[in-house]
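Written out below as structure tokens is the structure these notes cover.
Residue numbers (the numbering used here): 4 to 584.
Structure (structure tokens):
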């Protein structure tokens, strides 16, 4: 079978996976049009040869229908909340219990590949290939879940980590680009918080619980440090790495400096940073990111103290603060030393261009953190034309600092959702718009069949002032739990139909505590606590909600359904039993 035939077969397989049963389109009684499925052109537009198989026998990548070009957004603001009118996109994947579930595409990290006309994105739904100019998603190169990705400076090698964020071990695969031929595999390494290639592409550096150096030729994994958030290969010094650590410092370590078989400190910033803190105030905090510019000879980084630190040799240059924790850095643009600029990402989803020699800040890509997340992991990657790829809050954008222009992808977390829930057949997501969250949309996806890329469908909007939980009920119903008119309010949703009007429970203004919800009875009723230890009940048949009672704060106990008594029962640590009727 020739290459063109393989591509056509892949497209045919995609059509089967992404048909109406996968997207739930037959259940749409509302006005939204189905998405058109158009094949990826097989001519000059797609210049990348896609292999038939991937490392370790993974299935061939699924080619996707061509997507709309990302739209230019506000020239100065990166939208944390996304586009309220757009659906979520994601994959339908089997869970640990074998049941299908919808997982939204979320951009964890990005890396340019080839000559910069392509880039890859690490996502819980896999490793995805994109066109740089349009941001269009083109193919899934590796199966999920992918934690992190890095590319060699010449764009010919990709390293990606496979695993779950809470796993103690991950697997790292290294492949060539564009052939995707396997180069090395490292089956058991600590999950990386950051991955980078050495300047010559011969090693992969990983930060995390351990600082690992992965040698592609020898397949050896060498631990050279611990408890780090970022690691950067020192240009022109193949045996040295800069590390941003939870020791609150930015340091350089070298292999065999005075002892042939050990890593030792080459530069320790502890003294200089502590002197500055003593005279200018501020606590010592974890450092999140680090870089080194060989043109200016400046070591720079930042972290949870909101400060950007710059060192020229042993000398600490002027320190300045950004409006939030510094979480990533991409270096550098500009040819002359006086023009060299690094880009620092802040956890409010903003990015600052910083001239390394004089510390001048600008231009600035503003972020709006309106949905209450107090720490956003942002990842940056410089493109050859001095534009910047930005991944954060699950979203993906390309920023053009010279023109103050922004292109936003709608494939990754197009809208920000507050809460979600799933049963074995459906997933429901609720996202709200605006600073007061006065509009809330309900998005639905049916788990019809496994699919690499599908979109949710909007079932309608709900009029709740605050939504804190979505609870999956018996019979395929979902209950949206929130607040309306300072009361508990419940909206029932049956997938494929519009949400019902809110049911208010007078006399209560709950703040719900997510981890304490739901003791399920056989008839589908649910009981849960709020943060003030009020106990509520929600029933599907008949559709109703009520306040059951109040538990003491110092001993709330737990609520169970007593089948014999026919009521909810609260039992506390002393063994006391209270019937709730």
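A virtual CB, placed ideally from N, CA and C, is assigned to each residue, including glycine. This one's a predicted model, so the numbers in the text were calculated from it and none came from an experiment.
Might you give, ordered along the chain, the residues of its own chain that have their beta carbon closer than 7 Å to the beta carbon of residue i, omitting 5 neighbours on each side?
i           : result
residue 582 : 568, 570 and 572
residue 58  : At residue 58 the pLDDT is 37, less than 50, meaning the model places this residue with poor confidence; the figure from the coordinates comes in the next sentence. Here the set comprises 176, 178, 185 and 188.
residue 341 : 360
residue 428 : 449, 450 and 479
residue 560 : 554, 573, 574, 575 and 576
Please report the Cβ distance between residue i and residue j, rounded to the nearest whole angstrom; I am assuming they are in contact, meaning their Cβ atoms lie under 8 Å.
i           : j           : result
residue 299 : residue 250 : Between residue 250 and residue 299 the Cβ distance is about 25 Å, and since that is not below 8 Å, they are no contact.
residue 238 : residue 205 : Wrong, their Cβ atoms sit about 14 Å apart, outside the cutoff.
residue 399 : residue 124 : 6 Å
residue 483 : residue 465 : 6 Å
residue 650 : residue 487 : Since the first and last residues shown for the chain are 4 and 584, residue 650 lies out of range.
residue 354 : residue 368 : 4 Å
residue 473 : residue 529 : Incorrect: roughly 12 Å between the Cβ atoms, too far for contact.
residue 173 : residue 164 : 5 Å
residue 411 : residue 420 : Not quite, the Cβ-Cβ distance comes to about 17 Å (not below 8 Å), so this is no contact.
residue 231 : residue 210 : 4 Å
residue 130 : residue 152 : 6 Å
residue 445 : residue 496 : 6 Å
residue 505 : residue 492 : 4 Å
residue 556 : residue 87  : That belief does not hold up - the Cβ atoms of residue 556 and residue 87 are roughly 38 Å apart, past 8 Å.
Is it true that the CB of residue j sits closer than 9 Å to the CB of residue i?
i           : j           : result
residue 319 : residue 279 : yes
residue 199 : residue 207 : yes
residue 132 : residue 143 : yes
residue 381 : residue 393 : yes
residue 244 : residue 227 : yes
residue 330 : residue 308 : no
residue 592 : residue 305 : Nothing in the structure corresponds to residue 592, since the chain is present only between 4 and 584.
residue 475 : residue 431 : yes
residue 386 : residue 334 : no
residue 425 : residue 104 : yes
residue 161 : residue 183 : yes
residue 322 : residue 293 : no
residue 254 : residue 248 : yes
residue 171 : residue 147 : no
residue 543 : residue 477 : yes
residue 235 : residue 295 : yes
Which residue comes first and which comes last in the beta strand (DSSP E) that contains residue i?
i           : result
residue 283 : Here residue 283 belongs to no beta strand (DSSP E); instead the alpha helix (DSSP H) covers 273-283.
residue 1   : Only positions 4 to 584 of the chain appear in the structure, and residue 1 is not among them; the question remains open.
residue 95  : 92-97
residue 137 : Unbroken run through residue 137: none, as it is neither H nor E.
residue 485 : 481-487
residue 151 : 149-154
residue 183 : Unbroken run through residue 183: none, as it is neither H nor E.
residue 400 : 398-403
residue 215 : 213-218
residue 507 : 506-508
residue 115 : 112-116
residue 198 : 195-200
residue 2   : As shown, the chain starts at 4 and ends at 584. That puts residue 2 outside it, with no answer to give.
residue 391 : 391-395
residue 447 : 442-449
residue 243 : 243-248
residue 255 : 253-258
residue 163 : 160-165
Quick check: is the beta carbon of residue i nearer than 9 Å to any beta carbon in chain C?
i           : result
residue 487 : Looking for chain C here will not work: only one protein chain is present.
Which same chain residues end up closer than 6 Å to residue i when comparing Cβ atoms and leaving out the 5 residues on each side of it in sequence?
i           : result
residue 388 : none
residue 336 : 344 and 389
residue 301 : 313, 315 and 359
residue 578 : none
residue 197 : 210 and 233
residue 414 : 92, 108 and 140
residue 271 : 254
residue 229 : 213
Looking only at DSSP bridge pairs, what is residue i linked to?
i           : result
residue 573 : 562 and 581
residue 469 : 486
residue 423 : 432
residue 294 : 303
residue 542 : 547
CB-CB under 8 Å to residue i, same chain, minus the five flanking residues each way: which ones, in chain order?
i           : result
residue 538 : 530, 531, 532, 550, 551, 552, 553, 554, 562, 571, 573 and 583
residue 580 : 572, 573 and 574
residue 510 : 490 and 550
residue 416 : 85, 91, 107, 108, 109, 110, 396, 397 and 398
residue 115 : 121, 122, 135, 154, 158, 384, 385, 386, 387 and 392
residue 362 : 311, 313, 320, 321 and 323
residue 287 : 251, 276, 277, 280 and 308
residue 24  : Caution applies to residue 24, whose pLDDT of 30 falls short of 50 and renders its modelled position unreliable; the model cannot decide the point.
residue 102 : 427 and 450
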